[in-house]
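Residue numbers (the numbering used here): 50 to 505.
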């Protein structure tokens, strides 16, 4: 644990003290070394916990997510070089410092075996994200987006704190390994169990946006800079899904009065947000809504608590993190050249940037779950588990996948095909940095096809 967390902490002095010329090189190389070092975590082991210390331990559920979070830090630093070009050096340093401050918190949140520490790090990731959105966003609306994010998260996570304290008062410990061994308590009041379950789940439902609680997400995504978007889509949404998987295992079977509304909302939300995507004019907003629909499937899968659905949810979280992050990077390359997120103003770019069109095609195919990608394996596992639970869900999930494929193709055809708009007279060439960024996103996805049981 420490051999990852300490170098990550040392990235802060690296960013603050590097000479101006080597700032980007130093931070990128350092974070890439941390990322390659973290790959040792996904090696499967026979022990339930690896590297178990008093507060942290790495589980089969948390290891892939931690590797993903370490992997995305160098990619975020790579992606945000261009829009920080004209900033003064101190601001660049502040930006990189903010990015690296999130990293230890996320690693702690994924690896902790103690619920209070989990709550603290879960909430602490909010602050640097807020700084990123409200300081480095593009439009003045970024303030309202930041307020949305802050209040949604705070209001939903207060009940979580109360429920954690209630658990502690009942059982006397909050260590996950011990909590799994305690028999389920029979509370004096029948409402106690229901309400504590509800309080434990709402915070994560807001974080991995359940349809209906998702309104902060498109706002935050559209206003955030590219690193903020990648961070939100790839890591903070996964915090919600991971929290649901952890907490539901603790509290035993969820009462049906809780299970049904959440499941119905998640599946219906996957359907609704996919159909919203078909009517979007804004590229980043379209990708944000698509991630809402994907996380709806994850929530539905982790509510029914079977082995199949958990492994499907895990695979979908990892592959969606890489895919949506790559889509945001592509949208950002378009935005840096045309300075608009509107689909109609940046269409027909394939003759101008032919190699970028290849990346667009690859990212869109993984997003709509083309076989043999891990996205498809995950969606199939989730669908089979849900169908086994109740055959009616196949209507929802089937319609959702159909709509996913249609809006993905819509996005690809509008951005790449068709006549070039008249106002684009010249276009900057795509750089090696951007191609490297896309390669580092797609290589893990393609390699996971060969060995998907690393992440299931």
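Each residue gets a CB set at the ideal place from its N, CA and C atoms; glycine is no exception.
Assuming residue 289 is part of the alpha helix (DSSP H), what are its boundary residues? Start and end: 286-299.
Give me the residue from 64, 494 and 454 with the minimum Cα distance to residue 147. 64
What did DSSP end up calling residue 463 once you bin it into helix, strand or coil? It is helical.
Taking three-plus beta-carbon pairs below 8 angstroms as touching, is the region 372-384 in contact with the region 402-410? yes
DSSP beta-bridge partners for residue 331? 391
Considering only the beta carbon of each residue, do residue 127 and residue 144 sit closer than 8 angstroms? Residue 127 is not a Cβ neighbour of residue 144, given a cutoff of 8 angstroms.
Environment of residue 82 [buried if 16+ CB atoms lie within 10 Å]: exposed
4 or more residues per run - each alpha helix (DSSP H) lying fully within the region 146-220: 164-173, 175-185 and 191-220
I need the straight-line Cα distance from residue 150 to residue 177, nearest angstrom please. 7 angstroms
So residue 299 and residue 228 are in contact, right, with Cβ under 8 angstroms, and what is the actual spacing, rounded? 5 angstroms
Suppose only complete runs of 4+ residues qualify. What are the alpha helix (DSSP H) ranges in the region 389-461, listed by chain order? 403-416 and 423-438
Three Cβ pairs or more, each shorter than 8 angstroms: is that satisfied between the region 432-446 and the region 473-487? no
Alpha carbon to alpha carbon, how far is residue 165 from residue 467? Residue 165 and residue 467: Cα-Cα distance of roughly 54 angstroms.
Quick check on DSSP: helix, strand or coil for residue 100? coil
Based on DSSP bridge pairs, tell me the residues matched to residue 105. 161
Determine the burial state of residue 335: buried for a count of at least 16 other Cβ atoms within 10 Å of its Cβ, exposed for fewer. Classified as buried, residue 335 has 16 or more neighbouring CB atoms from the shown chains inside 10 Å of its CB.
Within the same chain, show all residues whose beta-carbon is closer than 7 angstroms to that of residue 141, passing over the 5 residues directly before and after it, in chain order. 72 and 133
Beta-carbon within less than 7 angstroms of residue 498's beta-carbon, same chain only, minus the 5 sequence neighbours each way: which residues are those? 421, 422 and 423
Residue 384 versus residue 390 - alpha carbon distance: Those two C-alpha atoms are separated by around 6 angstroms.
Would DSSP call residue 224 helix, strand or coil? Residue 224 carries a strand assignment under DSSP once its states are collapsed to helix, strand and coil.
Taking the C-alpha atoms as reference points, what is the distance between residue 242 and residue 343? 29 angstroms
Pull up the distance between the alpha-carbon of residue 449 and that of residue 61, whole angstroms please. 43 angstroms
Quick one, which of 291, 70 and 398 has its alpha-carbon nearest residue 465's? Per the C-alpha coordinates, the member of 291, 70 and 398 positioned closest to residue 465 is 398.
Alpha-carbon spacing of residue 380 relative to residue 333, whole angstroms: 7 angstroms
If we count the other Cβ atoms within 10 Å of its Cβ and call it buried at 16 or more, is residue 240 buried or exposed? Residue 240 is exposed by the Cβ-count criterion.
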